[in-house]
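Visitor: In terms of our numbering, the sequence shown opens at residue 1468 and continues consecutively.
Beta carbons: idealized from backbone N, C-alpha and C, even for Gly.
On a predicted model such as this, the values are computed, not experimentally measured, just so you know.
Pasting a structure here, questions to come.
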Amino acid sequence: MAARQGIDAAGGPRPGKHNWFRGATLRTYDAQAQRALAALDGHLDTGLAREVWKTALDTPWTGADIRFHGDAAPGNLLLDDGELAAVIDFGTCGVGDPSCDMAIAWTLLTADGRQAFRERLAVDEATWARGRGWALWKHSSPALGLWAGPTRRPRIHAACSRRSSPNTRPTATEVERLPPAPYQGTFPASSNSPPVGPSSGRVASWMAILAPSAGVLVPWKPLSSVAT
C-alpha cells in the first residue's frame, strides 16, 4: 500500500459510479449510512456509531490526489506461506482520498496490527477518522438486509444472488438500490432462512470500529462493555 501511494497520481482514474465513489467524499453515502444505522437501532449503540460517522464526514480530504486500491479486503490479499504475495481486484482503484484503503485496519487487523499499519503509512488523524468511517459504512450497510424484515429481505437476497450469478445480471435500478459492500456470509442462504442475528457474520466484526481504543475485533456483546 505504501508503494502504491508513492506512484505518480497524474492521469489516474477519478472516483465515480464505476468504482462506487471510492476515493471521493463519504457524504456520497450519508443517506445510506443513516438508513442502515436506523435499521440497527436497538441492536447497537447507534448514537456512538453516528458520532464516528459524523467525525468522518467533518474531516474532508484536502490533500493532493493519491493512488488507492479501493477494495483492500481480506479476499483480495493473496498469501504464500503466510506472507503477502499479491494483491488482486483493482476494479475500484483510482486517485483521490486514500482513506478508503484504511478500512481494512478495522475489518482485518488486531489492535497491535492496526497501530503498526497506521505507523507504517504515517496516517494523519483526519485520514484515519475517514478510514474508520469507511469501515463503519462497509459493515453497517449490509444490515439494511439483515434487519429489513421478512418483506424486504427476500427481495434483497434475490437481487444479490442475481448480481453474483455469471448468467444473470440485476437491473440498473437494483444496483443503485443495493449497498455496494461485500455480501459473503452476510445474507441468509435463501429467502426462507431465518434472519442472520447480530452474533454472526461480518456484523459482529465491525464492533471494534466503535471502540474508542480501536481494539481487537470482539465477539458480540453489549456495546456498553466494548466502548468503555
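(1) Out of T1559, N1543 and G1558, which has the shortest C-alpha to C-alpha gap to A1552?
(2) So for V1590, helix, strand or coil by DSSP?
(3) Please determine, among I1474, A1477 and Q1499, the residue with the shortest C-alpha to C-alpha distance to W1487.
(4) Please go through the same chain and pick out, in chain order, the residues whose beta-carbon is closer than 8 Å to the beta-carbon of T1495, but skip the five residues on each side of it.
(5) Considering Cα atoms alone, identify which of T1522, T1513 and A1477 is closest to W1601.
(6) Are the beta-carbon atoms belonging to E1560 and F1584 less than 8 Å from one another?
(7) Can you tell me the Cβ-Cβ gap for V1562 and A1476, rounded? I've got them flagged as a contact below 8 Å.
(8) Go ahead and label G1537 buried or exposed: buried means 16 or more other beta carbons lie within 10 angstroms of its beta carbon, across all protein chains shown.
(9) Report the residue ranges of all alpha helix (DSSP H) runs contained in full by the stretch 1491-1547; include only those spanning at least 4 residues, in chain order.
(10) Alpha carbons only, please: which of D1568, A1589 and E1586 is nearest the one belonging to R1599?
Guide: Taking the coordinates as given:
(1) Looking at the Cα atoms, N1543 is the closest of the given residues.
(2) Reduced to three states, the DSSP call for V1590 is coil.
(3) Among I1474, A1477 and Q1499, the Cα nearest to that of W1487 belongs to Q1499.
(4) The answer, listed in chain order, is F1488.
(5) Looking from the CA of W1601, the closest CA among T1522, T1513 and A1477 belongs to T1522.
(6) According to the sequence shown, residue 1560 is Cys rather than Glu. Cβ distance not < 8 Å, so C1560 and F1584 don't count as in contact.
(7) About 4 Å separates the beta carbon of V1562 from that of A1476, a gap short enough to meet the 8 Å contact definition.
(8) Buried is the label assigned to G1537, since at least 16 other Cβ atoms lie within 10 Å of its Cβ.
(9) The stretch 1491-1547 contains these whole alpha helix (DSSP H) runs: 1497-1507 and 1513-1524.
(10) Answer by Cα proximity: D1568.
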